[in-house]
């Protein structure tokens, strides 16, 4: 009998052509002019899923772009149910952004498929449909139950997904979620992200005089709100670059020695920071490594500043107000609302008496922290080890994936971030590309993973 | 024989009507649509000057709006030459700005003439032409030589005047300059401004990464330029609110006990600052009174801030750069270029090592400090005392009048700021008005001043 792996290898070329077909649909979710393309991609996926044996396939309305749902639940109630999340929408892309070839006409160069969505996330998402097909066409049945939730708004903040998940709790009920949408570092180094940061995004408004004043008449006797704002911001960090807000670190789960050791495998070098960003030297919390600072520690950033006169030349205004956007990246178990309350209280406590300072919460997202020794995670590790011939390393990401917290809260499931895309694939930029080798490795890993998780 | 004062009083009503005629010409220098009005005002002035006996009257080109020049030099080489400066252009004014009556149709209410330019500066400027006329029509000759330089671009920064003065040094050669364009506090309190502040206007640019970064990926390992800028700005002042730039105060002429005593006559109250600006409390250098802070001490203001994302909502950008406009108000004998060099060196010395900081000079103006015991000033004091029945108080203004430094540098003359307008006249705002009493007091004071200065 042909094994699922053999089937996948025998059909590798067709799989790639099918991915190219999906890629050719410019499903740019942020652009209203491409709304019909987004819908077409959803329809193509639904048709394709039906064709390979996924059942109960639906293109479901969300208030925005559709969710494509489908399942196969015939493994039996005693078998786990795996929820596969992916997204079929893509970032905008135009030749003038610096593409070498048409972003929506995939071409292969040096073993890489160049096209928008090739890596993020059409390529990685498709590995799950192709592993499903490979098992169904050979074994005739999956070893576990499976549900697919493929969304069309990931690139615009999953605007309607959180509500959608809450409204379809029963339909989406599962034991573990699998997401392949992200960043490993090398084609020969399997990696699983087990931690993403949360977000608490705030705006500070400092006001002083009721109107802009003439700096010649009032300069020196009125506290300048732009100066006061700078003075407030300068007190948000300590000398060692840690955040100075009292209580800020109270809920942070301390790094264990084992975890710090594991994180050295994905160490970020000083040279890498300099060459990637052009800064003269790195920065951050003295007591932590660069990888720990970006992945395992909460931070506070100034995202924007605005006050007074900002045009060419000069205007001697003493501005009536000054504004800063600031945001904290959070780690488990910090709560965005709690952090907002702490920052607000601190800013008000340090605001100089000659001005007023207000702080408002603009956006928030929970951090996620996935257990590394759960049976599901162990199943994933076994799958990787067999397919890649190497044990996956554990990664903490600096970014925020609020959907993880949503799945945790609404469905009670953890997500396994089985990334099959390189951090260097150029997602969101020109010449996005995807190592074709990873497309096939992903399919093989998924086949193996479903076998392994069936055993737990 | 009729005295000049008697002539002035007898012709008071006609003088006022002539002022109204000038006011009705909407000589708004900033508005290209009013260019012909500005020219008409210049022509009207030239005609009027010729009619009252001013000689060598010329409407002189400047590259922008014209300068009206005229003189009378028959007092003899042993008599001083007085240069009278004024401006015939006005700020924009429209009913929709909140005027009670047409800004260019002067009306009298409660002894005040309401109209744009009534105080700033047509009313005050005309006192000098009317005193000239009063002397010429009675005595038949002035006790001193006199030169008039009336410009049409004061409200747009005297754009072409500095060059004009430099190019006409010989023509404008004189012994003292008299300017009536400013702020006294009460109609019964004569005052002479003897100090105006200079200006050193700079831009600080902090740059870090070569492009905006994702705060989730680089937040915590790269020094955020907006944060770095705030940290730099927070070090520009000491705890006592004095400027922290080393050497900043080196050239400041210390206040004498007599001067500090004199300045108490124009004390600014804490209540006044709060009610005029709406701030919860005043601010500034602990060691100096509010009047001293605004008039006799140099300051440093933040005039503008710009970095990263400043729109509605959130964007988790780690900005590549951050910009601040800062300006120093200077006092004698500080030099704008020297202050710029000091600030630049200091900012560079405190810039964190993870960013680059650049400082550029955008605009500058010299401070002015007029000797209070010169023979010319004593002549002015005597004139005031005789006409007003009170000794003028000495005022230090917080604003900048670069023309004073230009006259000092190019012509070698000090300027006597004989203000006949109230600070509350609403110059630049709606319902600008001018106490008619001050128009007449100004004429009388000028007549007396020319007599007094002839004696020195």
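Chains as they are written, first to last, in the working numbering: chain A, 184 to 639; chain B, 184 to 639.
Idealized CB from N, CA, C, for every residue including glycine.
According to DSSP, is residue i part of a helix, a strand, or is it coil?
{"i": "residue 517 of chain A", "result": "coil"}
{"i": "residue 538 of chain A", "result": "coil"}
{"i": "residue 476 of chain A", "result": "helix"}
{"i": "residue 508 of chain B", "result": "strand"}
{"i": "residue 226 of chain A", "result": "helix"}
{"i": "residue 351 of chain B", "result": "coil"}
{"i": "residue 530 of chain A", "result": "helix"}
{"i": "residue 232 of chain B", "result": "helix"}
{"i": "residue 486 of chain B", "result": "strand"}
{"i": "residue 558 of chain A", "result": "helix"}
{"i": "residue 205 of chain A", "result": "helix"}
{"i": "residue 408 of chain B", "result": "helix"}
{"i": "residue 564 of chain B", "result": "helix"}
{"i": "residue 292 of chain B", "result": "strand"}
{"i": "residue 652 of chain A", "result": "With chain A covering only 184 through 639, there is no way to say anything about residue 652 of chain A."}
{"i": "residue 266 of chain A", "result": "strand"}
{"i": "residue 432 of chain A", "result": "coil"}
Kindly list, in the order they appear in chain B, the residues whose Cβ is closer than 8 Å to that of residue i.
{"i": "residue 546 of chain A", "result": "496, 497"}
{"i": "residue 384 of chain A", "result": "497, 499"}
{"i": "residue 491 of chain A", "result": "485, 486, 487, 488, 508"}
{"i": "residue 480 of chain A", "result": "403"}
Is the beta carbon of residue j closer than 8 Å to that of residue i?
{"i": "residue 280 of chain B", "j": "residue 364 of chain B", "result": "no"}
{"i": "residue 265 of chain A", "j": "residue 228 of chain A", "result": "no"}
{"i": "residue 551 of chain B", "j": "residue 436 of chain B", "result": "no"}
{"i": "residue 578 of chain B", "j": "residue 374 of chain B", "result": "yes"}
{"i": "residue 405 of chain A", "j": "residue 466 of chain B", "result": "yes"}
{"i": "residue 367 of chain B", "j": "residue 602 of chain B", "result": "yes"}
{"i": "residue 206 of chain A", "j": "residue 276 of chain A", "result": "no"}
{"i": "residue 202 of chain B", "j": "residue 385 of chain B", "result": "no"}
{"i": "residue 667 of chain A", "j": "residue 530 of chain A", "result": "Residue 667 of chain A lies beyond the residue range present for chain A, which begins at 184 and ends at 639; the question has no answer from this structure."}
Distance cutoff 8 Å, beta carbons only. Does residue i sit that close to anything in chain A?
{"i": "residue 602 of chain B", "result": "no"}
{"i": "residue 484 of chain B", "result": "yes"}
{"i": "residue 227 of chain B", "result": "no"}
{"i": "residue 466 of chain B", "result": "yes"}
{"i": "residue 259 of chain B", "result": "no"}
{"i": "residue 525 of chain B", "result": "no"}
{"i": "residue 521 of chain B", "result": "no"}
Which residues in chain A sit within 8 Å of residue i, going by Cβ to Cβ distance?
{"i": "residue 463 of chain B", "result": "536, 537, 538, 539"}
{"i": "residue 451 of chain B", "result": "404"}
{"i": "residue 219 of chain B", "result": "What residue 219 of chain B touches in chain A: nothing, since even the nearest Cβ is about 28 Å away."}
{"i": "residue 582 of chain B", "result": "397, 399, 400"}
{"i": "residue 477 of chain B", "result": "400, 401, 402, 403, 404"}
Let me see if you follow: with CB-CB separation under 8 Å, is residue i close to chain B or not?
{"i": "residue 404 of chain A", "result": "yes"}
{"i": "residue 255 of chain A", "result": "no"}
{"i": "residue 376 of chain A", "result": "no"}
{"i": "residue 393 of chain A", "result": "yes"}
{"i": "residue 428 of chain A", "result": "no"}
{"i": "residue 458 of chain A", "result": "no"}
{"i": "residue 380 of chain A", "result": "yes"}
{"i": "residue 512 of chain A", "result": "yes"}
Chain B partners of residue i, CB-CB under 7 Å?
{"i": "residue 407 of chain A", "result": "484, 485"}
{"i": "residue 233 of chain A", "result": "Residues of chain B passing the Cβ test: none, with the nearest at roughly 37 Å."}
Going along chain B, which residues have a C-beta under 9 Å from residue i?
{"i": "residue 517 of chain A", "result": "Those within 9 Å of residue 517 of chain A in chain B number zero; the least Cβ separation is about 14 Å."}
{"i": "residue 413 of chain A", "result": "412, 413, 414, 415, 416, 417, 419, 485, 488, 507"}
{"i": "residue 625 of chain A", "result": "Ordered by position in chain B, no residue passes the 9 Å Cβ test against residue 625 of chain A, which lies about 23 Å from the chain."}
{"i": "residue 446 of chain A", "result": "Near residue 446 of chain A there are no residues of chain B at all, since even the closest Cβ is about 13 Å away, more than 9 Å."}
{"i": "residue 473 of chain A", "result": "403, 404"}
Got a sec: is the Cβ-Cβ distance from residue i to anything in chain D below 8 Å?
{"i": "residue 397 of chain B", "result": "Among the protein chains in the structure shown, which are A and B, there is no chain D."}
Would you mind telling me which residues of chain A sit closer than 9 Å to residue i, beta carbon to beta carbon, in chain order?
{"i": "residue 579 of chain B", "result": "By Cβ distance, chain A contributes nothing, its closest Cβ being about 12 Å from residue 579 of chain B, past 9 Å."}
Exercise for the section: Specify whether the region 617-634 of chain A and the region 569-582 of chain A touch according to this definition: at least 3 beta carbon pairs, one from each stretch, less than 8 Å apart. Expected result: yes
Practice task
Count the C-beta pairs between the region 588-606 of chain A and the region 344-357 of chain A that are closer than 8 Å, then say yes if the count reaches three, no if not.
Solution key: With a cut-off of 8 Å, the region 344-357 of chain A and the region 588-606 of chain A count as touching, because enough Cβ pairs lie within range.
Exercise for the section: Examine the Cβ distances between the region 473-484 of chain A and the region 492-507 of chain A and report whether three or more of them are shorter than 8 Å. Expected result: no
Handout entry: the region 398-411 of chain B / the region 442-450 of chain B touching (three or more Cβ pairs under 8 Å)
Key = no
Exercise for the section: Would you check if the region 185-195 of chain A and the region 312-324 of chain A touch, i.e. whether three or more CB-CB distances between them fall below 8 Å? Expected result: yes
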